[in-house]
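*Asks:* This is the structure I want to talk about, given as structure tokens.
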Amino acid sequence: MNWARILACVTGTVDQELLARNEYLAAENRILKAQLTGRLKLLGADRKTLGEIGHRLGRKVLADVATIARPDTIIGWYRQLVARKFDGSKARRYPGRPRIQREVEELIIRLASENRSWGYDRIAGARANLGYDVSDQTVGNVLRRHGLPPAPERKRSTSWADFIRTHMDRLAGTDFFRAEVLTLRGLVTYYVLFFIHFESRRVAIARITVHPNEAWMKQIARNATMDECGALLGCRYLLHDRDTKFTRSFRAMVAPGKVEPLVLPPQSPNLNAHAERWVRSVKEECLSRVILFGERSLWRALREYVDHFHTERNHLRERQRSAVSYGGGSATRGAGAVP
């Protein structure tokens, strides 16, 4: 018999209904805990609530009623709560000026990255035009903190992304891809050479062949740099990988057309991402869905897909989301291409 409960009831200090509620809740907690299969995860607010109540009950009472954590753990939660209350580290002031807001700092970094010739004063002036008054010294501190050099050093080095963005309207890429075609001799591998203009996304299929030798590549270079209808008309740079089919004589034939070939580093297809992405598109959306019988079948599939790519397919760039008009005609045969 529980003498403490009898004494409490006799003295009238404990309500019988309250005792029954506590007994029921304790039993319910034990049953619910027995149903749990994993470890119970408590949030910070849960630990705070249990710590405050556990401190009032004391370790001895907690030993009888606590089921989800040990009494020492619950008391420890209360100690952490008290320690955080008197922790003034977050409000501590450090010597010097307070740091600027994060969004202001990010904008300074963006201005310096996109305008490599801008100095501290120019960036501070641009910030003032946007309604943020910061000093040139603050701009310098932000750039040094993020490892960005001053303008004289920044403008001497240009990132690849900046180069692409600056010369987008004068850039073209070229690459090969293979297509398997059924012929009377069996399955034959054809090599397809194409050019893509970065700004307009216009694609020109140069030629297809089974044997892309040096003479074939030299003829492609002549066709692509023709004055009035070449695929590289208006382009200043031509990006291509280190495929041995892009021979030295090919680059020598392209150069007189005022087009500078840029050979990309090894194993870096991301530097010619526009061409690589088009290869993926034509394979996934066209060539993998048809069975090709002979060279004419391959030409017809490529011509129809390029026309679809130019006039019907939505592009990610905002101004190319709808159908794009290129003045009519087949892009595969209208840019120095020979079927």
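Under our numbering, the first residue of the sequence shown is numbered 719, with each subsequent residue one higher.
A virtual CB, placed ideally from N, CA and C, is assigned to each residue, including glycine.
What number of angstroms, rounded off, separates the C-alpha of E1036 from the C-alpha of S918?
*Replies:* Unreliable positioning characterises E1036 in this predicted model, as indicated by a pLDDT of 43, which lies under 50. A coordinate reading is not provided.
*Asks:* Please report how far the alpha carbon of F908 lies from the alpha carbon of D893, in whole angstroms.
*Replies:* At residue 908 the sequence reads Tyr, which differs from the Phe that was named. Spanning the two alpha carbons is a distance of roughly 14 Å.
*Asks:* Please report the straight-line C-alpha distance between A738 and D782, rounded to a whole angstrom.
*Replies:* Roughly 16 Å between the two C-alpha positions.
*Asks:* Checking 8 Å against the spacing of the C-beta atoms, do Y1023 and V1000 come in under that value?
*Replies:* Yes, the Cβ-Cβ distance between Y1023 and V1000 is below 8 Å.
*Asks:* Mark M971 as exposed unless 16 or more other C-beta atoms lie within 10 angstroms of its C-beta, in which case mark it buried.
*Replies:* Looking at its Cβ environment, which holds 16 or more other Cβ atoms inside 10 Å, M971 is buried.
*Asks:* For F894, list the residues DSSP reports as bridge partners.
*Replies:* L911.
*Asks:* Looking at T943 and E977, is the spacing between their C-beta atoms short of 8 Å?
*Replies:* Reading off the sequence shown, one finds Val at residue 977, where the question assumed Glu. Cβ atoms of V977 and T943: closer than 8 Å.
*Asks:* Which residue from W934, F1027, V928, P870 puts its Cα closest to that of E1002?
*Replies:* The option with the nearest alpha carbon to E1002 is F1027.
*Asks:* Determine contact between the region 950-960 and the region 853-864, defined as no fewer than three beta-carbon pairs at a distance below 8 Å.
*Replies:* No, the region 950-960 is not in contact with the region 853-864.
*Asks:* So what does DSSP say about A970, is it helix, strand or coil?
*Replies:* It is helical.
*Asks:* Who are the near neighbours of F1011 in its chain, counting only those whose CB is closer than 7 Å to its CB and skipping five residues on each side?
*Replies:* Closer than 7 Å at Cβ, skipping near neighbours: L900.
*Asks:* With A784 and I771 assumed to form a contact (beta carbons below 8 Å), what rounded beta-carbon distance in angstroms separates them?
*Replies:* The Cβ separation is near 10 Å, so there is no contact.
*Asks:* Quick check: what's the CA-CA separation for A1019 versus R969?
*Replies:* If I take the Cα positions, the gap works out to 29 Å.
*Asks:* Hey, how far is the Cα of H915 from the Cα of L951?
*Replies:* So the two alpha carbons sit approximately 10 Å from each other.
*Asks:* For a minimum of 3 consecutive residues, which ranges assigned as the beta strand (DSSP E) are wholly contained in the region 919-970?
*Replies:* Runs of the beta strand (DSSP E) inside the region 919-970: 921-927, 955-958.
*Asks:* What's the call for A1041, buried or exposed, on a 16-neighbour Cβ count within 10 Å?
*Replies:* In this prediction, A1041 scores a pLDDT of 44, lower than 50, which makes its location untrustworthy; the coordinate-derived value is nonetheless stated afterwards. With fewer than 16 other Cβ atoms within 10 Å, it is exposed.
*Asks:* Going by beta carbon distance, what residues of the same chain come within less than 8 Å of E994, once the five residues before and after it are set aside?
*Replies:* Hits under 8 Å: D893, P987, N988.
*Asks:* Please classify A922 as buried or exposed, where buried requires at least 16 other C-beta atoms within 10 Å of its C-beta.
*Replies:* By the neighbour-count rule (16 or more Cβ atoms within 10 Å), A922 is buried.
*Asks:* Do you know offhand how far R845's Cα is from P867's?
*Replies:* Their backbone Cα atoms lie some 19 Å apart in a straight line.
*Asks:* Using the C-alpha atoms, what's the distance from L889 back to H883?
*Replies:* Correcting the residue type first, residue 883 is Arg in the shown sequence and not His. If you take the alpha carbons of R883 and L889, they lie about 10 Å apart.
*Asks:* Using the C-alpha atoms, what's the distance from M886 back to L902?
*Replies:* Straight-line Cα distance between these residues: approximately 44 Å.
*Asks:* Express the C-alpha separation of W934 and G891 in angstroms, rounding to a whole number.
*Replies:* Spanning the two alpha carbons is a distance of roughly 19 Å.
*Asks:* Closer than 8 Å by C-beta to N931: which residues in its own chain qualify, once you throw out the five before and the five after it? Chain order, please.
*Replies:* Excluding sequence neighbours, N931 sits near nothing in its chain.
*Asks:* In terms of residue numbering, what span does the alpha helix (DSSP H) encompassing V981 cover?
*Replies:* Element bounds for V981: not the alpha helix (DSSP H) but the beta strand (DSSP E), 978-981.
*Asks:* For the candidate residues K751, N747, L1005, Q985, whose alpha-carbon lies nearest to that of A897?
*Replies:* For A897, the nearest C-alpha among the options comes from L1005.
*Asks:* Starting from G904, follow its DSSP beta bridges and name the residues at the other end.
*Replies:* Its beta-bridge partners are T901.
*Asks:* In terms of residue numbering, what span does the alpha helix (DSSP H) encompassing E823 cover?
*Replies:* Per DSSP, E823 belongs to the alpha helix (DSSP H) from 820-832.
*Asks:* Quick test of your reading: F895 and V906, contact by CB under 8 Å. State the CB separation rounded to the nearest angstrom.
*Replies:* About 15 Å; that fails the 8 Å criterion.
*Asks:* DSSP state of F1011, grouped into three classes?
*Replies:* DSSP places F1011 in strand when its eight states are reduced to three.
*Asks:* Report yes if the C-beta distance between R830 and I841 is below 8 Å; otherwise report no.
*Replies:* For clarity, residue 830 is Ala in the given sequence; the question names Arg instead. For A830 and I841, yes; Cβs fall inside 8 Å.
*Asks:* So what's T760 in DSSP terms, helix, strand or just coil?
*Replies:* The question names Thr, yet the displayed sequence has Leu at residue 760. Note: L760 maps to coil in three-state DSSP.
*Asks:* Note down the Cα distance separating A752 from P789, rounded to an integer number of angstroms.
*Replies:* Whole-angstrom Cα-Cα distance: 19 Å.
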